[in-house]
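Remarks on the structure that follows.
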Amino acid sequence: MIILYIFFGFLSGLLGGMGMGGGTLLIPLLSFLDINQRVIQSVSLTSFIPMALVSLGIHSQCGLIKLERIEYLIIPSIIAGVLGALLANLAPEKLLRICYGIFLLVFGVAEFIKVAKNVN
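Start counting the sequence shown at 105; every next residue gets the next number (this note's numbering).
The structure is reproduced here in structure tokens:
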């Protein structure tokens with residue numbers, strides 16, 4: 105079981121470092137281990153902190169960080185994050201799983217359509 109945790113952590117860290125959101129992979133992987141959805145989400149959020157800090161440092165060293173008007177992203181993100189956490193605590197676990205599945209499905213279809221449009 106520990107090997108699976110390490111493997112899942114490695115995969116999500118790899119995606120997180122590339123800026124793709126490691127939690128997008130970590131949450132479904134951990135759900136296969138029959139863990140409570142709220143615990144899975146908290147693990148994903150907690151693992152995001154070190155991934156984001158390391159990735160931010162590397163991207164900053166490469167000159168890829170642009171800070172112009174960043175407050176327009178940070179302030180609404182903080183407000184929405186607090187609201188989302190409060191809603192997640194009120195919602196039943198099954199609803200959280202369904203909502204996350206719908207999110208992944210919609211996002212995947214949208215990405216597929218975007219890529220398909222650019223294929224010549």
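A virtual CB, placed ideally from N, CA and C, is assigned to each residue, including glycine.
With 16 or more other CB atoms across the displayed protein chains lying within 10 angstroms of its CB, glutamine 145 is buried.
With 16 or more neighbouring CB atoms inside 10 Å of its own CB, isoleucine 131 falls in the buried class.
Of the residues assessed, leucine 129 falls on the buried side of the cut-off, its CB having 16 or more other CB atoms within 10 angstroms. Distances from the alpha-carbon of asparagine 140 to those of Arg201, Glu175, Phe112 put Arg201 closest. Going by DSSP, asparagine 140 is part of no alpha helix (DSSP H) at all; its letter is neither H nor E. Within its own chain, no residue has a Cβ closer than 7 angstroms to the Cβ of lysine 170 once the five positions on either side in sequence are excluded. Taking 8 angstroms as the cut-off, the Cβ atoms of glycine 188 and methionine 155 do not count as close.
With respect to the 8 angstroms criterion, serine 151 and serine 116 are classified as neighbours on the basis of their beta carbons. Restricting attention to alpha helix (DSSP H) runs no shorter than 4 residues, the stretch 181-205 encloses none.
If you ignore the 5 residues before and after serine 135, its C-beta comes within less than 8 angstroms of the C-beta of Gln141, Ile144, Arg201, all in its own chain and listed in chain order. Sequence-distant Cβ neighbours of serine 148 in its own chain, meaning closer than 7 angstroms and more than five residues away, are Gly127, Leu130, Ile131.
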